[in-house]
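Participant:
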Amino acid sequence: MFKISSIKHGWFDIILSNEDTDYYICSSSVGGYDTAKALLNAISDIYYKKKSSVKLCFNAENEAHIIHLDAENSNLSIIITEINDKPFKYLSEQTSSLDTVKQSPPIIQIKCDINNSIKEVIMQFTDIIIQKKVDEYNDNWFPFPQEEYDKIYNYLKYRF
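The sequence shown runs contiguously to residue 170 in the numbering used here.
(1) When DSSP labels each residue in this structure, what does Asp-180 get in the three-state scheme?
(2) In the DSSP assignment, the beta strand (DSSP E) including Gln-119 goes from what residue to what residue?
(3) Can you name, in chain order, every residue of its own chain whose Cβ lies under 6 Å from the Cβ of Ser-16, other than the five neighbours on each side?
(4) Nearest-angstrom Cα distance between Ser-127 and Tyr-159?
(5) If we require 3 or more residues per run, which beta strand (DSSP E) segments fall completely within the stretch 36 to 120?
(6) Measuring alpha carbon to alpha carbon, tell me which residue in Tyr-165, Ile-53, Leu-86 and Ile-56 is nearest Ile-120.
(7) For Lys-13, name the three-state secondary structure that DSSP assigns.
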């Protein structure tokens, strides 16, 4: 399960869940890295089969996590690790460095269906639009990633 839990004052917070564990993860806008936009680009790359593996950084200023998305057929594996490399704590938004950074063992692992997972992510962003909270999103985070959202939503809207 994927849920946007909060977008307030420069923080983008989500909850990822498997059968028995909810994991709260957040990202700060301080480094100038738009995690929400990167998330939509990542799921788009996986959905359109441009990539089978993508890494995202959630930088919470004093800690950082990497979300690994690995697709195989219709299955999606989501693994969260913590960055254990002090020099990368603040530079972790440099996605090219995510392959070389020291990481913890997996904190949580989730196996799920690709289509259902992508639908959950898109529905969270759709709710922001439906509830007319795009201005609030823009005020508290980066500009709403409309182009990235549309790239997936316009394809999926007739399929679910």
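Glycine included, every Cβ here is placed at the ideal spot set by N, Cα and C.
Facilitator: To lay it out plainly:
(1) Coverage of the chain is limited to positions 11 through 170, which leaves residue 180 absent and any answer about it impossible.
(2) Stepping through the sequence shown from its first residue, residue 119 is reached at position 109. Where Gln-119 is concerned, the enclosing beta strand (DSSP E) stretches over 118 to 123.
(3) The residue you call residue 16 lines up with position 6 of the sequence shown. Cβ neighbours of Ser-16 beyond the five flanking positions: Asp-23.
(4) The residue given as residue 127 occupies position 117 in the sequence shown. The residue given as residue 159 occupies position 149 in the sequence shown. C-alpha separation (whole angstroms): 15 Å.
(5) Segments of the beta strand (DSSP E) lying fully in the stretch 36 to 120: 63 to 69, 74 to 82 and 85 to 92.
(6) If you number the sequence shown from 1, residue 120 lands on position 110. It is Leu-86.
(7) One-based indexing of the sequence shown puts residue 13 at position 3. It is a strand residue.
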